[in-house]
Amino acid sequence: MMFQQSSRSLLDASKKSSSFRWTSSVGRTFSSRSPQDWVTTEETDDPSIAILKMNRAPANTLSLEMCTEISKAIKELESNKKTQAVILTSSLPTIFSAGLDLTELHNPDKDRLPAFWGAFQQLYFDLYGSRLATIGAINGHAPAAGCMLALSCDYRIMSKGNIGLNESKLGICAPPWLGQQFIDTIGLRKAELALNMGTLFDTKAALDIGLIDEIVGEDDVMDVAKTRASQWVAIPAPARVACKELTRGRQLNELKENRKQDVDHFCSFVNQEAMQRNLGFYFEQLAKRKK
Ligand SMILES: CC/C=C\C/C=C\C/C=C\CC/C=C/CC(=O)SCCNC(=O)CCNC(=O)[C@H](O)C(C)(C)COP(=O)(O)OP(=O)(O)OC[C@H]1O[C@@H](n2cnc3c(N)ncnc32)[C@H](O)[C@@H]1OP(=O)(O)O
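Position 109 of the sequence shown, counting from 1, maps to 249 under the working numbering, and the rest follow consecutively.
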């Protein structure tokens, strides 16, 4: 059954949906460490609470392999019946996640592109639909898909950095399911303004708009995250999982039913000349900003 308290996620789409093939890395990654090191899980002194850390320097960007590694880690945690909550955080000093790895989108490999988007969809299913209580310990910047990671958590605390969906600044639009997640969180009018302007919010503005739940001091992030996780775990798991189904089930099912169309839509969107030009321009700006 889909929503019983088990080691399965809320919407266990991974096994049912094998419409894309995984392709091997084409050496476009930043970090010299292997994908297995990009995500680590740790126990806490409470056996029901685990920590999932993203360690992909320099920016925890989501490549195909990074999405797959995070999904794999969530599944592994879910397979342990004792685990009831996970804290998602970053081991980098100032960045939670800089969103999608833009090298996947710019001059893309045509076979890899659909697999990449499939892996990103899968990550959304696995995190947004996890049976675990998920606490986002956002300890740095979280633009675009970095914001998606945060929005997919049940509770969000943030210590520093900016958060939001800035895709319009890249000349693109967030995919409908991510846009909907944003609207569901902060409301239509606020989302309309923020999506169009590509607004990134600092912690105070993010709290004001309802994008995060709490601002915490940099040194307190993990302590507060564990306290919040304990509070979520104290709710009987069947009730917690049923509440998640109530609030997230419709959205998850909608994408599940439209997965293939969503991949096709994304690929044709990204392959447009104008889109490629905008991305190239954005990359140049990123590099210049650094200089
Ligand atoms: C109805 C709808 C219709 C159609 C829609 C259909 C489909 C949708 C189509 C497309 C949707 C695509 C969705 C996209 C979502 C995304 O996530 S796009 C990615 C957006 N991310 C960003 O814009 C963040 C860019 N990065 C930054 O702003 C800064 O890096 C950041 C503030 C995060 C940190 O700043 P700082 O600490 O100064 O670090 P650096 O800027 O120096 O960055 C370190 C190195 O990392 C590189 N880098 C950073 N971000 C990315 C990235 N996202 N991808 C690739 N590379 C990145 C940066 O260049 C530095 O590299 P270097 O050290 O110079 O080699």
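Where is the CB? At the ideal position from N, CA and C, for every residue including glycine. If you're wondering where the values come from, they're calculated on a predicted model, not measured in any experiment.
* Cβ-heavy atom distance, L240 to ligand 1, below 6 Å -> yes
* Relative to the alpha-carbon of F341, which residue among I210, L245 and G280 has its alpha-carbon at the smallest distance? -> G280
* To do: Could you check which residue in K221, E358, L335 and N200 has the C-alpha nearest to that of K300?
  => E358
* Asked: Beta-carbon separation of N302 and A284 under 7 Å?
  -> no
* Asked: What residue ranges within the region 254 to 324 form continuous alpha helix (DSSP H) runs of no fewer than 4 residues, ordered along the chain?
  -> 285 to 291
* Asked: Taking the alpha-carbon positions, what's the T234 to A197 distance?
  -> The alpha-carbon atoms of T234 and A197 are separated by roughly 11 Å.
* **Alpha-carbon to alpha-carbon, N336 and Q320** => 14 Å
* Cβ-Cβ distance between L121 and S211 below 7 Å -> Nothing about residue 121 can be read from this structure; the chain reaches only from 141 to 431.
* To do: Return the first residue and the last residue of the beta strand (DSSP E) that K193 is part of.
  => I189 to M194
* What residue range is occupied by the uninterrupted beta strand (DSSP E) comprising T234? -> For T234, no beta strand (DSSP E) encloses it, and the DSSP letter there is neither H nor E.
* Give me the Cα-Cα distance between D404 and I352, rounded to the nearest whole angstrom. => Computed Cα separation, rounded: 32 Å.
* Asked: Is any heavy atom in ligand 1 found nearer than 6 Å to the beta carbon of P248?
  -> no
* To do: Go through its chain and collect everything with a Cβ distance to G311's Cβ below 6 Å, but skip five positions before and after it.
  => If we look at G311 and ignore the five residues flanking it on each side, its Cβ neighbours are N418.
* Using only the heavy atoms of ligand 1, determine whether one of them is closer than 6 Å to the beta carbon of C313. => yes
* 6 Å Cβ shell around G350 - same chain, five flanking residues per side excluded -> I326
* Asked: CB T201 to CB A238, shorter than 7 Å?
  -> yes
* Asked: How long is the line joining the alpha carbons of S159 and F265, rounded to whole angstroms?
  -> Per-residue confidence for S159 stands at a pLDDT of 27, beneath the threshold of 50, marking its modelled position as unreliable; no derived number is given.
* Under a Cβ-count criterion, where at least 16 other Cβ atoms within 10 Å of its own Cβ denotes burial, should S188 be classed as buried or exposed? -> Burial state of S188 is buried, judged by a 10 Å Cβ sphere holding 16 or more other Cβ atoms.
* L228 - DSSP class collapsed to helix/strand/coil -> Looking at L228 - three-state DSSP - the assignment turns out to be strand.
* Buried or exposed (CB count within 10 angstroms, at least 16 for buried), P254 -> buried
* Report back the beta-carbon spacing between A282 and L228 to the nearest angstrom; my notes put them in contact at under 8 Å. => Wrong, their Cβ atoms sit about 11 Å apart, outside the cutoff.
* **C-beta contact flag for A369 and A213 at 7 Å** => no
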